[in-house]
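Asks:
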Amino acid sequence: MMNTSAASGAARPAPITVTITGAGGQIGYAAMFRIASGALFGPDQPVALRLLEIPQGVKGAEGAALELTDCAFPLLASVDIATDPDQGFDGSNVALLVGSRPRTAGMERADLLAANGAIFGPQGRAINDHAADDVRVLVVGNPANTNALIAQRNAPDVPAERFTALTRLDHNRAVGLLAEHTGAAVADVHGVTIWGNHSTTQYPDLSHATIAGRAALDVVGTDWGRGAYIDRVANRGAEIIEVRGGSSVASAANAAIDHVHDWVLGTANEATGADGVAPWTSVSIPSTGAYGIPEGLIASVPARSVDGEWRVVEGLEIDEFSRARIDASVAELAAEREQVAALGLI
Ligand code: NAX
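Under this note's numbering, the first residue of the sequence shown is numbered 10, with each subsequent residue one higher.
1) Report the three-state DSSP secondary structure of residue 191 (helix, strand or coil).
2) Taking only the alpha-carbon atoms, compute the straight-line gap between residue 17 and residue 43 and give it to the nearest angstrom.
3) How far does the beta strand (DSSP E) with residue 247 in it extend, from its first residue to its last?
4) Distance, Cα to Cα, residue 261 vs residue 178?
5) Can you tell me the Cβ-Cβ gap for residue 167 and residue 103, rounded? I've got them flagged as a contact below 8 Å.
6) Would you identify the three-state DSSP class for residue 29, choosing helix, strand or coil?
7) Tell me whether residue 24 is buried or exposed, calling it buried when 16 or more other Cβ atoms sit within 10 Å of its Cβ.
8) Under 8 Å, with one C-beta from each stretch per pair, do the stretch 149-161 and the stretch 198-218 reach the 3-pair mark?
9) Hey, how far is the Cα of residue 171 from the Cα of residue 194?
10) Please report how far the alpha carbon of residue 56 lies from the alpha carbon of residue 75, in whole angstroms.
11) I'd like the ranges of any beta strand (DSSP E) spanning at least 3 consecutive residues and lying wholly in the stretch 198-240.
12) Tell me whether residue 207 counts as near the ligand NAX, meaning its Cβ is closer than 7 Å to at least one heavy atom of that ligand.
13) Would residue 98 be called buried (16 or more neighbouring beta carbons within 10 Å of its own) or exposed?
14) Under 7 Å: does the beta carbon of residue 30 sit that close to some heavy atom of the ligand NAX?
15) Taking the runs of the beta strand (DSSP E) that are 3 residues or longer, which of them lie wholly in the stretch 73-124?
16) Helix, strand or coil for residue 375, going by three-state DSSP, please let me know.
17) Going by other Cβ atoms of all chains shown within 10 Å of its Cβ, with 16 needed for buried, is residue 335 buried or exposed?
18) Could you pull out every residue in the same chain whose Cβ sits closer than 6 Å to the Cβ of residue 46, ignoring the five residues on either side in sequence?
19) Where residue 211 and residue 243 are concerned, what is the direct C-alpha to C-alpha distance, given to the nearest angstrom?
20) Mind checking residue 111: buried by the 16 CB within 10 Å criterion, or exposed?
21) What would DSSP say about residue 323, mapped onto helix, strand or coil?
22) Is the stretch 174-193 in contact with the stretch 312-325, if contact means three or more CB pairs nearer than 8 Å?
23) At the level of alpha carbons, what is the spacing between residue 95 and residue 163?
24) Go to residue 149, then tell me how far its beta strand (DSSP E) extends in each direction, as first and last residue.
25) Given this structure, state the Cα-to-Cα distance separating residue 143 from residue 272, to the nearest angstrom.
26) Return helix, strand or coil for residue 308, following the three-state DSSP convention.
27) Of all Cβ atoms in chain D, is any one closer than 8 Å to the Cβ of residue 248?
This is how it looks when you write it as structure tokens:
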């Protein structure tokens, strides 16, 4: 492991250690500068960065580390680059698992799951054995929900709820597109939920959403809100690829930062806005059975973060349309769980 920078922070809290896997790639690059500038934990909390890569990705991480030095971030205590997961997760308080095996042409789903099992199984074990007791894990690398499940099942000593997967990008897309469509301010949109899997089966649900206090489905109409809107959000990743010629990067890094920031520091839990409901966000967390989602599946639900823990928003009414959409996405997650179990990965 190489240490490429060591600015000490006198009279400051001890640094929080953040490990980023796939740090030589695009999302890692987009995330690390914001993390080093204080976006995760605020302006008074130093961070120590651990960049975990495979050998062919190390040069990218090294180059990024040189640029981090050149930013002279006052909050950046150190940058270490590792290729061994045991070293990369040593003392980690936050682990962002970004590097994964993407699907390539001709690859069957079972091959994809097996290839990712070979990454997320060992990483889960390394987190289990070497990370800090308070480690929080966010999986970004796809298939994110099932990769998170594999890592979690390989880390039996870490509380299960510390393993989460990213559906905040889908949530932010859902909020942003609703605001754009209606001309409302983003800050006036509340109560949007992404249910299920980070895949095209996800269900962006406006049933409980409000726009400046008005029921969102009344504002936009159910034809759009339960039709084209769902498809647009669920296929936004493909839309970005088509227009930009590359996958979502800055928005994915931003969402990962939002997820961890809110997890550690809390969502805004005071009731705000005309609807008088405390805002929530969407996170993929291990199910405890709420809303009929089979226990243990890492599925996206509406949640608030209180005292450093995600709490599912309870008591939302689920109508027939929503039930069918949630069940379809959850069924996909259950099938993925069966497949990785059959492959001996969990
Ligand atoms: P890149 O290909 O730019 O970077 C991935 C990096 O991971 C590479 O540098 C590679 O060397 C490294 N890597 C591969 N295996 C590794 C391992 N075992 N340990 C450490 N590093 C490893 O991809 P990027 O655009 O950064 O995307 C990363 C992942 O995010 C992909 O799986 C992508 O599908 C996923 N996404 C997830 C999103 C979400 O909302 N959950 C949205 C954005 C993105 O599509």
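Heads up, the beta-carbon is just placed ideally off N, CA and C, and yes, glycines get one too.
Replies: The structure says:
1) Indexing the sequence shown from 1 puts residue 191 at position 182. Three-state DSSP puts residue 191 in a helix.
2) Numbered from 1 along the sequence shown, position 8 holds the residue referred to as residue 17. Numbered from 1 along the sequence shown, position 34 holds the residue referred to as residue 43. Note that residue 17 scores 49 on pLDDT, short of 50, meaning its location in the model is unreliable; the coordinates nonetheless yield the value given after this. When rounded, the distance between both Cα atoms is 19 Å.
3) Counted from its first residue, the sequence shown places residue 247 at position 238. No beta strand (DSSP E) contains residue 247, which is instead part of the alpha helix (DSSP H) from 245-253.
4) For the purposes of this step, residue 261 is identified with residue 252 of the sequence shown, where counting begins at 1. For the purposes of this step, residue 178 is identified with residue 169 of the sequence shown, where counting begins at 1. Taking the straight line joining both Cα atoms gives about 6 Å.
5) Indexing the sequence shown from 1 puts residue 167 at position 158. Indexing the sequence shown from 1 puts residue 103 at position 94. Between residue 103 and residue 167 the Cβ distance is about 13 Å, and since that is not below 8 Å, they are no contact.
6) By 1-based counting over the sequence shown, the position of residue 29 is 20. Strand at residue 29.
7) By 1-based counting over the sequence shown, the position of residue 24 is 15. Label assigned to residue 24: buried.
8) yes
9) The residue you call residue 171 lines up with position 162 of the sequence shown. The residue you call residue 194 lines up with position 185 of the sequence shown. Going by the C-alpha atoms only, they are around 33 Å apart.
10) Counting from 1 along the sequence shown, the entry for residue 56 is found at position 47. Counting from 1 along the sequence shown, the entry for residue 75 is found at position 66. Distance between the alpha carbons of residue 56 and residue 75: 17 Å.
11) 202-204, 212-214
12) Position 198 of the sequence shown, counted from the first residue, corresponds to residue 207. At least one heavy atom of the ligand NAX is nearer than 7 Å to the Cβ of residue 207, so yes.
13) In the sequence shown, the residue the question calls residue 98 occupies position 89. With 16 or more Cβ atoms within 10 Å of its Cβ, residue 98 is classed as buried.
14) As a first step, residue 30 is located in the sequence shown; it is residue number 21 there, counting from the start. Yes - the ligand NAX has a heavy atom lying nearer than 7 Å to the Cβ of residue 30.
15) 85-91, 103-106
16) With the chain covering only 10 through 355, there is no way to say anything about residue 375.
17) Position 326 of the sequence shown holds residue 335. So residue 335 ends up on the buried side.
18) Along the sequence shown, one-based indexing puts residue 46 at 37. 82, listed in sequence order.
19) Here residue 211 is taken as the residue at index 202 of the sequence shown, counted from 1. Here residue 243 is taken as the residue at index 234 of the sequence shown, counted from 1. Between residue 211 and residue 243, the C-alpha separation is close to 6 Å.
20) Taking the first residue of the sequence shown as 1, we reach residue 111 at position 102. Exposed, since its Cβ has fewer than 16 Cβ neighbours within 10 Å.
21) Within the sequence shown, the letter at position 314 stands for residue 323. Residue 323: coil per DSSP, three-state reduction.
22) no
23) The residue you call residue 95 lines up with position 86 of the sequence shown. The residue you call residue 163 lines up with position 154 of the sequence shown. Their Cα atoms are separated by approximately 14 Å.
24) The residue given as residue 149 occupies position 140 in the sequence shown. That residue, residue 149, is in no beta strand (DSSP E); it is neither H nor E in DSSP.
25) The sequence position of residue 143 within the sequence shown is 134, counting from 1. The sequence position of residue 272 within the sequence shown is 263, counting from 1. For residue 143 and residue 272, the distance between alpha carbons rounds to 12 Å.
26) For the purposes of this step, residue 308 is identified with residue 299 of the sequence shown, where counting begins at 1. Here residue 308 sits in strand by DSSP.
27) Although the question refers to chain D, the structure presented lacks it and comprises just one protein chain.
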